[in-house]
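Data first, discussion second: the structure below is written as structure tokens.
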Amino acid sequence: MPQTILKKVILTKQIRRADFLKFMSARKKRDLLRQSSYLVGKRVVHINAVADGGGVAEILASLIPYLRSLSVESDWYFINPDVGKRFFEITNKIHNALQGAPVKISGREWAEYKEISRRIAEELEKIDCDILAINDSQLLLAGHLAHLTKHKIYFSHIDTSSVFKPVWKKLFPAILSYHRVVFSNRDFVNGSLPDSKVKIFTPAIDPLAPKQKIIPPKETRLYLKKQGGIPAHCPLIAQISRFDIWKTPMGIIQAFRIVQNTYPNAQLVLVGFNTAKDNPAAKIVYKDIAAVAGKSRDIFLFFNPKGKNVLEFTVMAQNGADIIVQNSIKEGFGLVVTEAMWKRQAVIGGPALGIRKQIRNGKNGFIVKSPEEMAQKIIFLLSHPVERKRMGNAARKTVFGSFLFPRLVLDHLKLYQSCLK
Ligand code: UDP
Numbered sequence: 001m002p003q004t005i006l007k008k009v010i011l012t013k014q015i016r017r018a019d020f021l022k023f024m025s026a027r028k029k030r031d032l033l034r035q036s037s038y039l040v041g042k043r044v045v046h047i048n049a050v051a052d053g054g055g056v057a058e059i060l061a062s063l064i065p066y067l068r069s070l071s072v073e074s075d076w077y078f079i080n081p082d083v084g085k086r087f088f089e090i091t092n093k094i095h096n097a098l099q100g101a102p103v104k105i106s107g108r109e110w111a112e113y114k115e116i117s118r119r120i121a122e123e124l125e126k127i128d129c130d131i132l133a134i135n136d137s138q139l140l141l142a143g144h145l146a147h148l149t150k151h152k153i154y155f156s157h158i159d160t161s162s163v164f165k166p167v168w169k170k171l172f173p174a175i176l177s178y179h180r181v182v183f184s185n186r187d188f189v190n191g192s193l194p195d196s197k198v199k200i201f202t203p204a205i206d207p208l209a210p211k212q213k214i215i216p217p218k219e220t221r222l223y224l225k226k227q228g229g230i231p232a233h234c235p236l237i238a239q240i241s242r243f244d245i246w247k248t249p250m251g252i253i254q255a256f257r258i259v260q261n262t263y264p265n266a267q268l269v270l271v272g273f274n275t276a277k278d279n280p281a282a283k284i285v286y287k288d289i290a291a292v293a294g295k296s297r298d299i300f301l302f303f304n305p306k307g308k309n310v311l312e313f314t315v316m317a318q319n320g321a322d323i324i325v326q327n328s329i330k331e332g333f334g335l336v337v338t339e340a341m342w343k344r345q346a347v348i349g350g351p352a353l354g355i356r357k358q359i360r361n362g363k364n365g366f367i368v369k370s371p372e373e374m375a376q377k378i379i380f381l382l383s384h385p386v387e388r389k390r391m392g393n394a395a396r397k398t399v400f401g402s403f404l405f406p407r408l409v410l411d412h413l414k415l416y417q418s419c420l421k
């Protein structure tokens, strides 16, 4: 058989619709089943760059089993890594340019991108489907070049609000050729795209994923003690998020020092496992924080994933902390906030737009603008357990109503249906 560029992802995970329908209100459940009934017998195929690693692969790994459980035929293909490093180097430049970086792409590089995209397009033409969904810019041109009678949707998972114009200009005709273009945030939409093509799908978490497991505090604190050396009986404050300047971990240390005036035995844990192969920016932030935290016995930093089960540790910390903070000043959405809220945490978040979409100040968490304010809210929540519980329950309700995967699946079904109409 000739070597192909696109490879099918073999998904072994199977779910039943009853597994997730229980997370929907009666009205939304009816809506979902009605929408899926319109699509029975139709075939939806998603294409992206990689089969695992990264947010898009994570979404597709959940989405495809959900669609199948609703009798919507669906498949997922990714790019065979054998296509070569060069292709990914060029598409990485394109990716950065679409997010605004002034990168130079030579004529030769454009020609190479076009040539491989043309070969991928030939393969796309052979895929049997009614809806073709292209995820991310690596496949943007291929999807455009494919001569298809089927409907094409482009999922842009990045912020294209201030693109690097020379690259955008070259790709704009390709983007325009899609029937719909989907973003995860209204602010990520480039102003030159016609409104009629644009759709916004707010991110969501999959309640069936191991990451969203609810674990009793006793078990989590024992685990954190064993695996991370964190004392089990002290108030524990945590931020679980990449080490990143926009997530301002330094401000948390300042807040923590204030909290210790009231709670001297409080502990702070910053979990930001560096799982990406190459993230020099995270290393710089981590080193700065490690220098400030010094040898403090009450601050625990987790950066190097070696020897740790990252998924398990993350879930345990999200469940086990008494207070979860997310001190971001910039955040596209902030899935970590959603994940913690689902676990009934009253999150104290920074003023980033993505966080303000989820936290209603004083109702299901707090929004703070300074370390002093953060300290004040941490002390408040630690000393008002009933209030903390009430807010945590409200947080879970917010996620239940707006940010769970079945809602995202409904967004997808409605879009497919509107394309086929
Ligand atoms: N995450 C994790 N372990 C860590 C740090 C982050 O598993 O030590 C996960 C987290 O649970 C979430 C994702 O990485 O699912 C981060 O998504 P988010 O939208 O919060 O932020 P991003 O890193 O994309 O800016």
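The numbering of the sequence shown is UniProt numbering, which starts it at 1 and goes up by one. Where a beta carbon is used, it is the ideal one built from N, C-alpha and C, also for glycine.
Does any heavy atom of ligand 1 sit closer than 6 Å to the C-beta of R242? Indexing the sequence shown from 1 puts residue 242 at position 242. Within the cutoff, so yes.
Integer Cβ distance of A395 from A346, believed to fall under 8 Å: Locating residue 395 in the sequence shown gives position 395, where the first residue counts as 1. Locating residue 346 in the sequence shown gives position 346, where the first residue counts as 1. Contact holds; Cβ gap of about 6 Å.
Here's the rule: buried if 16 or more other CB atoms are within 10 angstroms of the residue's CB, otherwise exposed. What is V259? Position 259 of the sequence shown, counted from the start, is the residue given in the question as residue 259. The residue is buried, with at least 16 neighbouring Cβ atoms inside 10 Å.
Backbone CA spacing between K28 and R360 [nearest angstrom]: What you label residue 28 is simply residue 28 of the sequence shown in a count that begins at 1. What you label residue 360 is simply residue 360 of the sequence shown in a count that begins at 1. Spanning the two alpha carbons is a distance of roughly 23 Å.
Can you give the beta carbon distance from A238 to V269, rounded, assuming they're within the 8 Å contact cut? Residue 238 sits at position 238 when you count from the first residue of the sequence shown. Residue 269 sits at position 269 when you count from the first residue of the sequence shown. Separation of the CB atoms of A238 and V269 is rounded to 5 Å, and the pair is thereby assigned contact status at 8 Å.
Write down the C-beta distance between L410 and D31 rounded to the nearest angstrom, noting that I regard them as a contact closer than 8 Å. Reading the sequence shown from its first residue, position 410 is the one you call residue 410. Reading the sequence shown from its first residue, position 31 is the one you call residue 31. That pair is a contact at about 6 Å.
Please list the terminal residues of the continuous alpha helix (DSSP H) segment that includes V292. Position 292 of the sequence shown, counted from the first residue, corresponds to residue 292. It spans P280 to A293 - the alpha helix (DSSP H) in which V292 sits, taken as one unbroken run.
In the structure shown, what three-state DSSP assignment does G365 receive? Here residue 365 corresponds to residue number 365 of the sequence shown, with the count starting at 1. In the structure shown, G365 sits in a strand (DSSP, three-state: E or B).
Give a yes or no on whether the minimum CB-CB distance between K126 and chain D is below 7 Å. In summary, chain D is missing from the structure at hand, where a single protein chain is found.
Per DSSP, which one or two residues make a beta bridge with W76? The residue labelled residue 76 in the question sits at position 76 within the sequence shown. Looking at the DSSP output, W76 bridges to H46.
Which residues in the same chain as K369 place their Cβ atom closer than 6 Å to its Cβ, once the five residues preceding and following it in sequence are excluded? Here residue 369 is taken as the residue at index 369 of the sequence shown, counted from 1. Correct list, in chain order: P351.
Residue from I131, G100 and H147 whose Cα sits closest to the Cα of R118: Here residue 118 corresponds to residue number 118 of the sequence shown, with the count starting at 1. For R118, the nearest C-alpha among the options comes from H147.
Using the C-alpha atoms, what's the distance from S177 back to E73? By 1-based counting over the sequence shown, the position of residue 73 is 73. By 1-based counting over the sequence shown, the position of residue 177 is 177. Looking at the backbone, the Cα of E73 and that of S177 are separated by about 25 Å.
So, using beta-carbon positions, are L141 and A111 closer together than 7 Å? As a first step, residue 141 must be located in the sequence shown, where it is residue number 141. As a first step, residue 111 must be located in the sequence shown, where it is residue number 111. Not a contact, by the Cβ cut-off of 7 Å.
Alpha-carbon to alpha-carbon, M24 and A18: Position 18 of the sequence shown, counting from 1, holds the residue named residue 18. Position 24 of the sequence shown, counting from 1, holds the residue named residue 24. Take the alpha-carbon of A18 and the one of M24: they are about 10 Å apart.
For S69 versus V40, is the C-beta distance shorter than 7 Å? As a working note, residue 69 is residue 69 in the sequence shown. As a working note, residue 40 is residue 40 in the sequence shown. Between S69 and V40, the C-beta spacing is not below 7 Å.
Closest Cα partner of S162 within the set A281, A266, R344 and H95: Within the sequence shown, numbered from 1, the residue matching residue 162 stands at position 162. If we check each option's Cα against that of S162, H95 comes out closest.
Between V271 and ligand 1, is the CB less than 6 Å from at least one heavy atom? As a first step, residue 271 is located in the sequence shown; it is residue number 271 there, counting from the start. Flag set: Cβ of V271 near ligand 1.
Euclidean distance between Cα positions of K13 and I379: The count along the sequence shown starts at 1 and reaches residue 13 at position 13. The count along the sequence shown starts at 1 and reaches residue 379 at position 379. Distance from the CA of K13 to the CA of I379, rounded to the nearest whole angstrom, comes to 43 Å.
Nearest candidate by alpha-carbon position, reference G349, set I240, K295 and S296: In the sequence shown, counting from the first residue as 1, residue 349 sits at position 349. Nearest option by C-alpha distance: I240.
Spatial neighbours of E339 within its chain, please: CB distance less than 7 Å, with the 5 preceding and 5 following residues excluded, ordered by chain position. The residue you call residue 339 lines up with position 339 of the sequence shown. The answer, listed in chain order, is I205, K211, Q212 and Q318.
What does a CB cutoff of less than 8 Å around K414 pick up in its chain, not counting 5 residues either side in sequence? Along the sequence shown, one-based indexing puts residue 414 at 414. Excluding sequence positions up to five before and after K414, its CB lies within less than 8 Å of the CB of Q35, all in the same chain and listed in chain order.
If you measure between the beta carbons of A133 and I158, is that distance less than 7 Å? Taking the sequence shown and counting its residues from 1, one reaches residue 133 at position 133. Taking the sequence shown and counting its residues from 1, one reaches residue 158 at position 158. Annotated as distal: A133 and I158, with beta-carbon spacing of 7 Å or more.
C-beta contact flag for N48 and F88 at 7 Å: Here residue 48 refers to the residue found at position 48 of the sequence shown. Here residue 88 refers to the residue found at position 88 of the sequence shown. Not a contact, by the Cβ cut-off of 7 Å.
Buried or exposed, going by whether 16 or more other CB atoms sit within 10 Å of the CB of S184? Sequence index remark: in the sequence shown, residue 184 carries index 184 (1-based). Buried is the label assigned to S184, since at least 16 other Cβ atoms lie within 10 Å of its Cβ.
Beta strand (DSSP E) segments (min. 3 residues) lying fully within the segment 152 to 239: Listed in chain order, the complete beta strand (DSSP E) runs (minimum 3 residues) inside the segment 152 to 239 are 180 to 183 and 198 to 200.
Under the three-state reduction of DSSP, which class applies to I15: helix, strand or coil? Position 15 of the sequence shown, counted from the start, is the residue given in the question as residue 15. Looking at I15 - three-state DSSP - the assignment turns out to be coil, as it is neither helix nor strand.
DSSP state of V315 mapped onto helix, strand, coil: To locate residue 315, count along the sequence shown from 1; it is residue 315. V315: helix per DSSP, three-state reduction.
According to DSSP, what are the bridge partners of L335? Locating residue 335 in the sequence shown gives position 335, where the first residue counts as 1. When beta bridges are read from the DSSP output, L335 appears opposite no residue.
Could you pull the start and end residues of the beta strand (DSSP E) that Q267 belongs to? What you label residue 267 is simply residue 267 of the sequence shown in a count that begins at 1. Element bounds for Q267: Q267 to V271.
CB contact flag (M316, L382, <7 Å): Here residue 316 corresponds to residue number 316 of the sequence shown, with the count starting at 1. Here residue 382 corresponds to residue number 382 of the sequence shown, with the count starting at 1. Their beta carbons are not under 7 Å apart, which means M316 does not touch L382 by this criterion.
Proximity of I289 and P231 at Cβ, strictly below 7 Å: Here residue 289 refers to the residue found at position 289 of the sequence shown. Here residue 231 refers to the residue found at position 231 of the sequence shown. No.
How many Å lie between K7 and N309 at the Cα? Start at 1 with the first residue of the sequence shown, and residue 7 comes out as number 7. Start at 1 with the first residue of the sequence shown, and residue 309 comes out as number 309. Approximately 29 Å between the Cα atoms of the pair.
Quick one: grab the DSSP three-state call for K308. Counting from one through the sequence shown, the residue named residue 308 turns up at place 308. Secondary structure at K308: coil, using DSSP grouped into helix, strand and coil.
According to DSSP, is Q358 part of a helix, a strand, or is it coil? Along the sequence shown, read from residue 1 onward, the residue named residue 358 stands at position 358. Secondary structure at Q358: coil, using DSSP grouped into helix, strand and coil.
How many Å lie between N364 and F403 at the Cα? As a first step, residue 364 is located in the sequence shown; it is residue number 364 there, counting from the start. As a first step, residue 403 is located in the sequence shown; it is residue number 403 there, counting from the start. Between N364 and F403, the C-alpha separation is close to 14 Å.
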